[in-house]
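Count the sequence shown with the numbering used here and you get residues 9 to 114, in order.
Each residue gets a CB set at the ideal place from its N, CA and C atoms; glycine is no exception.
The structure presented is a predicted model; accordingly, all values stated were derived computationally and were not measured.
Taking it in order: structure first as structure tokens, then the write-up.
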Amino acid sequence: DEGKGKIVDLLTDRVACVVRFQGGHNAGHTLVIDGVKTALHLIPSGILRDNVKCLIGNGVVLAPDALLREMAMLEERGVPVRERLRLSPACPLILPYHVALDKARE
9 DEGKGKIVDL LTDRVACVVR FQGGHNAGHT LVIDGVKTAL HLIPSGILRD
59 NVKCLIGNGV VLAPDALLRE MAMLEERGVP VRERLRLSPA CPLILPYHVA
109 LDKARE
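Right, dumping it as structure tokens:
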């Protein structure tokens, strides 16, 4: 890991918004804040900061099941995800049948 997550986290103190503009849930970033380790795959790391809005842009390939799991994990920790996170309605979706087709082709 090149430490991109650490750099983004340091810069997040100075911004109002963090945008994820490409990629999918196959990559991830891990943050340690106040000794608490959090692994994220879809949701931008700014979600852990008060007063920071997080946006997932239309270049992100979105797996709804993965997003919902990540949201639930954060909400269990008291993070107000629904207040801080916004999604582009133009995000392409990865649905269960896409995964099944991919496996069938292998």
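Per DSSP, the unbroken alpha helix (DSSP H) holding V89 starts and ends at V89 to R92. In the structure shown, the three-state DSSP call for A112 is helix. It is roughly 9 Å from the alpha-carbon of T46 to the alpha-carbon of L56. In this structure, DSSP gives I51 a state outside helix and strand, which the three-state scheme calls coil. Note on geometry: alpha-carbon atoms of L75 and G31 lie some 13 Å from one another. According to the DSSP assignment, L75 belongs to the alpha helix (DSSP H) that extends over P72 to E84. Sequence-distant Cβ neighbours of P104 in its own chain, meaning closer than 7 Å and more than five residues away, do not exist here. The three-state reading of DSSP puts V16 in helix, counting H, G and I together.
Between L39 and D21, the C-beta gap is not smaller than 9 Å, which leaves the two residues out of contact. Remark: C-beta atoms of C62 and R90 do not approach each other more closely than 9 Å.
Per the C-alpha coordinates, the member of M81, A80 and P72 positioned closest to H106 is P72.
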